[in-house]
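Single-structure report; data block below.
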Amino acid sequence: MSSCTRFVLITLVIFQCLSLLCLAQDFDFFYFVQSWPGSYCDTGRSCCYPRAGKPSADFKIHGLWPNYNDATYPSNCDSSNPFDLTQISDLVSSMQRNWPSLACPGSDSTKFWAHEWNKHGTCAESVLNQHGYFETSLNLKSQANILQALETAGINPDGSYYSLDKIKSAIEGGVGYSPGITCNVDDSGNRQLYEVYLCVDSSASGFINCPIFPSGQCGSSVEFPKF
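When the letters of the sequence shown are read in order and numbered with mature numbering (1 follows the signal peptide of the UniProt record, and there is no 0), they come out as residues -24 to -1, 1 to 203.
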């Protein structure tokens, strides 16, 4: 074997090893995030319904995000494996119900799903392929019925204000784990219940207690707007 050929083979082996290292699990846990559509729409940016029509009045999936315990996160980890709708064709109808895009202009939500996979999903390839990433997210939503937990505690999306502590307690009572809550601000300056963060272990097998919570920007009392 010539020295040139040997060099090429060694280079290829090194490249393959580096590629495997890049795809190795490199995060501590997942955030599983659900959004309240009424709060998304009740801001200056407004919203547009998907082509399938107005979504049901329920929390919707925003994403499943690999995170580190120091509050940072990896992103856009593998450009060689972009979103491919054909890999999740059996999940599309469920995703349209549970993971719709409200961004304007209205769409079929595939751009939103592509963004979530390309930015976040590719950083979890050692655990979940594309189909597994979206299927796991749908399964997690079925396990964490946020709206039901709130309504059981008398917290309803009727434009009323509720104690943030009571909101957290209601979700913890219904789901079994304490949530992180983030709020938005409407045109009148009112802080609204917007997103609920639950944490999932790094193998995506189930919910865990959160190592760290996001900065919520909520007051002690927040509005739960209609949708």
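The beta-carbon is built from N, C-alpha and C at its ideal position, and this holds for glycine as well.
Please classify Glu199: does DSSP put it in a helix, a strand, or coil?
strand
Backbone CA spacing between Thr112 and Thr48 [nearest angstrom]:
22 Å
Does the beta-carbon of Gly130 have 16 or more other beta-carbons within 10 angstroms, so that it is buried, or is it exposed?
exposed
Between the C-alpha atoms of Gly108 and Asn45, what's the straight-line distance to the nearest angstrom?
23 Å
Just to confirm the assignment, what range does the alpha helix (DSSP H) spanning Gly150 have?
140 to 151
Buried/exposed call for Ser32, threshold 16 Cβ in 10 Å:
exposed
I think Ile184 touches Cys194, with their Cβ atoms under 8 Å apart; what is that distance to the nearest whole Å?
That pair is no contact at about 23 Å.
For Cys80, which residues from the same chain have a beta carbon less than 6 Å from its beta carbon, with the 5 sequence-adjacent residues on both sides left out?
Cys24
By a C-beta neighbour count over all protein chains shown, 10 Å radius and 16 as the cutoff for buried, is Lys87 buried or exposed?
exposed
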